[in-house]
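Be aware that the sequence shown starts at 50, since it is given in my numbering, and climbs by one per residue.
The next block holds one structure in the form of structure tokens; read it before the comments.
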Amino acid sequence: VAGEALNPRNDRGGTLYVVGTPIGNLEDLSPRAARVFREVALVAAEDTRVTRRLLNHLGARPRLLSFNEHNWRERLEPVFRALEEGDVALVSDAGMPGVSDPGRELVAEAAVRGVRIESVPGPSAVTTALAVSGLPADAFLFLGFLPRRRRERQERLREAATYPLTVTLFEAPHRVRATLEDIALVLGERPLAVCRELTKLHEEVFRGTASEALEHFASPRGEFAVVIAGAGPDQASERDLDSEDSDVRRFLLDRIAGGVRGREAVADASASFNIPKNRAYRLWLEIREKGESQGD
Numbered sequence: 050v051a052g053e054a055l056n057p058r059n060d061r062g063g064t065l066y067v068v069g070t071p072i073g074n075l076e077d078l079s080p081r082a083a084r085v086f087r088e089v090a091l092v093a094a095e096d097t098r099v100t101r102r103l104l105n106h107l108g109a110r111p112r113l114l115s116f117n118e119h120n121w122r123e124r125l126e127p128v129f130r131a132l133e134e135g136d137v138a139l140v141s142d143a144g145m146p147g148v149s150d151p152g153r154e155l156v157a158e159a160a161v162r163g164v165r166i167e168s169v170p171g172p173s174a175v176t177t178a179l180a181v182s183g184l185p186a187d188a189f190l191f192l193g194f195l196p197r198r199r200r201e202r203q204e205r206l207r208e209a210a211t212y213p214l215t216v217t218l219f220e221a222p223h224r225v226r227a228t229l230e231d232i233a234l235v236l237g238e239r240p241l242a243v244c245r246e247l248t249k250l251h252e253e254v255f256r257g258t259a260s261e262a263l264e265h266f267a268s269p270r271g272e273f274a275v276v277i278a279g280a281g282p283d284q285a286s287e288r289d290l291d292s293e294d295s296d297v298r299r300f301l302l303d304r305i306a307g308g309v310r311g312r313e314a315v316a317d318a319s320a321s322f323n324i325p326k327n328r329a330y331r332l333w334l335e336i337r338e339k340g341e342s343q344g345d
């Protein structure tokens, strides 16, 4: 009953199938996905040229409509008009739609409109890379594609730096070396696996550190998925300290804003958070230097 409430059957129209497609090897397409492609009236595809090659391989002849990050707003209504008449399949170029690929917006809107949505699972570069990395995969943090600008990319890595979970991300060949440099700088020499061209003829998995991977991939080609070991106990404890420091800063700001002198605010913070006075004093100095308070 609960499942029906979350994904109601729309008896007045068709079903939206969210279909996983091969990430490199056509033999990985499921028989169910092949049947769906032969039966639906329309396929909403990230790149119609890529999907047309797959459909030709299957001998399937549905109508194709491009649906991607650039045109999804104007393509929503044509898709829903098609759903009034029959079934529609949503696909990306490779893997599952909506996972670092277009498609999320269509699924979300279909759910709002009460359209029946069915998953047709298929290959995923995320889980494939995790499986062959040799790193813990019972829980992980997926970052997708990192920002193109170095400063923003490093900031995203810093956000993940103290998590104890295995980290996974995607990268394009022309940026993978810059990303490996940032990984070495921000995360240090942690164990990692750099997975190239997964499931394709020239599949390669390099295991080592970021610096070693830079030496190995002098002229990178193909698509990359990178799997990085999570933070160790010392690095994870730094996250706890950072979080506590933020609480202490807020406490100090509130006390000083209330008219309490800096020395007294430091003593109160030390007592309230059971931290050394020199640590509370250091945080107070940071506040004063940033101009957030004039302090004492």
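For every residue, glycine included, the Cβ atom is placed at its ideal position computed from N, Cα and C.
Collapsed DSSP secondary structure at residue i in the structure displayed
| i | result |
| --- | --- |
| A109 | coil |
| F189 | strand |
| S268 | coil |
| I277 | strand |
| N327 | helix |
| R58 | Because R58 sits at a pLDDT of 48, beneath the cut-off of 50, its placement in the model cannot be relied upon, and the point is left open. |
| R245 | strand |
| F116 | coil |
| S342 | Confidence in S342 is poor, its pLDDT being 37 and thus under 50, which makes the residue's placement too unreliable to answer from. |
| V137 | strand |
| V309 | coil |
| E158 | helix |
| L250 | coil |
| N150 | Residue 150 is actually Asp in this sequence, not Asn. Reduced to three states, the DSSP call for D150 is coil. |
9 Å Cβ cutoff met for residue i and residue j
| i | j | result |
| --- | --- | --- |
| V181 | L247 | yes |
| V148 | A93 | no |
| L75 | L113 | no |
| G69 | M145 | yes |
| A259 | L218 | no |
| A83 | A131 | no |
| L195 | I277 | no |
| D294 | L334 | no |
| V275 | E167 | no |
| A143 | G73 | yes |
| L155 | L65 | yes |
| F116 | E95 | yes |
| Q203 | L234 | yes |
| V169 | R81 | yes |
| G257 | V216 | no |
| G171 | P71 | yes |
| G63 | R165 | yes |
CA-to-CA distance, residue j to residue i, given in whole angstroms
| i | j | result |
| --- | --- | --- |
| Y330 | I324 | 10 Å |
| F273 | L190 | 17 Å |
| T211 | I232 | 13 Å |
| K326 | R337 | 16 Å |
| T97 | R87 | 16 Å |
| L302 | L214 | 33 Å |
| A159 | L139 | 12 Å |
| E261 | D136 | 49 Å |
| D77 | A186 | 22 Å |
| R226 | F266 | 8 Å |
| G281 | R239 | 9 Å |
| A316 | E201 | 37 Å |
| N105 | L263 | 39 Å |
| I305 | S321 | 15 Å |
| C244 | T100 | 24 Å |
| A109 | V85 | 9 Å |
| L236 | D296 | 25 Å |
| R197 | R224 | 8 Å |
| A174 | S141 | 13 Å |
| E118 | P151 | 6 Å |
| E126 | S319 | 60 Å |
| E313 | G307 | 12 Å |
| E208 | R199 | 14 Å |
| F350 | N120 | With the chain covering only 50 through 345, there is no way to say anything about residue 350. |
| E123 | P111 | 21 Å |
| E220 | R298 | 37 Å |
| R310 | A157 | 52 Å |
| L206 | L107 | 41 Å |
| E176 | F300 | First, the residue type needs correcting, since residue 176 is Thr and not Glu in the sequence shown. Rounded to the nearest angstrom, the two C-alpha atoms are 43 Å apart. |
| S79 | V161 | 29 Å |
Beta bridge counterpart(s) of residue i as assigned by DSSP
| i | result |
| --- | --- |
| G144 | T70 |
| G257 | L241 |
| R165 | T64 |
| task | Could I get the ranges of all uninterrupted beta strand (DSSP E) runs contained in the segment 65–101, with 3 residues as the minimum, in chain order? | result | 91–94
| task | May I have a chain-ordered list of the beta strand (DSSP E) segments no shorter than 3 residues that lie completely inside the segment 171–232? | result | Qualifying beta strand (DSSP E) stretches, in chain order: 189–194, 215–220.
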